[in-house]
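Numbered per our numbering, the sequence shown spans residues 465 to 581.
By construction, the Cβ of each residue, glycine as well, lies at the ideal position given by its N, Cα and C atoms.
These figures come from a predicted structure and were not determined experimentally.
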Amino acid sequence: MKTETFERTISSYNQLSKIGKDLDFGKNEKYLNKIIKPQFYAVKLRPEILGTLDGVKVNENLQPINKNGETIRNLYVIGNDAGGIFPLDYCLKLNGASVGFAVFSGRHAATHAFKNH
Numbered sequence: 465m466k467t468e469t470f471e472r473t474i475s476s477y478n479q480l481s482k483i484g485k486d487l488d489f490g491k492n493e494k495y496l497n498k499i500i501k502p503q504f505y506a507v508k509l510r511p512e513i514l515g516t517l518d519g520v521k522v523n524e525n526l527q528p529i530n531k532n533g534e535t536i537r538n539l540y541v542i543g544n545d546a547g548g549i550f551p552l553d554y555c556l557k558l559n560g561a562s563v564g565f566a567v568f569s570g571r572h573a574a575t576h577a578f579k580n581h
């Protein structure tokens with residue numbers, strides 16, 4: 465981030481803090497605290513998907529099931545694309561659970577494919 469952009473951003477944020485209303489992002493006013501004391505640090509963040517709550521219906525071997533309830537052979541659905549793994553919610557206390565399932569499901573599908581095709 466350019467120094468000028470950073471300084472302008474901090475100045476704007478401090479003005480919003482002074483009036484007690486975040487007009488840019490709607491941050492709760494109780495969390496609007498003026499930024500005054502250096503040193504300042506920044507972290508570049510980006511949104512990520514932790515897991516999905518839906519996906520393709522699969523059988524125990526991660527093969528997709530069609531609308532008639534029949535297995536689609538020679539095709540596998542793994543990781544977040546496989547439905548039913550997190551049917552109601554994704555527990556944020558289990559960060560990485562979907563990554564673990566991605567590894568397991570990939571291995572399981574590959575093993576099944578190797579043994580059966």
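From the options, residue whose alpha carbon lies closest to that of residue i
{"i": "I549", "options": "V563, R537, K498, L539", "result": "V563"}
{"i": "L589", "options": "R510, Y477, E524, G543", "result": "There is simply no residue 589 to check, as the chain begins at 465 and stops at 581 in what is shown."}
{"i": "L496", "options": "K531, Y477, E534, K579", "result": "Y477"}
{"i": "Y540", "options": "L552, K498, F578", "result": "F578"}
{"i": "E471", "options": "A546, G490, G533, I499", "result": "I499"}
{"i": "A566", "options": "K491, L509, A546", "result": "A546"}
{"i": "F489", "options": "K508, T473, E468", "result": "T473"}
{"i": "K508", "options": "A573, H581, M465, A561", "result": "M465"}
{"i": "N523", "options": "E468, S569, Q503", "result": "S569"}
{"i": "F504", "options": "I536, G533, T467", "result": "T467"}
Residues bridged to residue i (per DSSP)
{"i": "V563", "result": "DSSP, once it has assigned bridges, lists no residue as partnering V563."}
{"i": "P528", "result": "V522"}
{"i": "T535", "result": "I529"}
{"i": "A546", "result": "V520"}
Contact belief for residue i with residue j at Cβ below 8 Å, rounded distance in angstroms
{"i": "V520", "j": "P528", "result": "5 Å"}
{"i": "E493", "j": "K482", "result": "E493 to K482, Cβ: 11 Å. No contact."}
{"i": "L526", "j": "H581", "result": "So it is not a contact: roughly 14 Å between Cβ atoms."}
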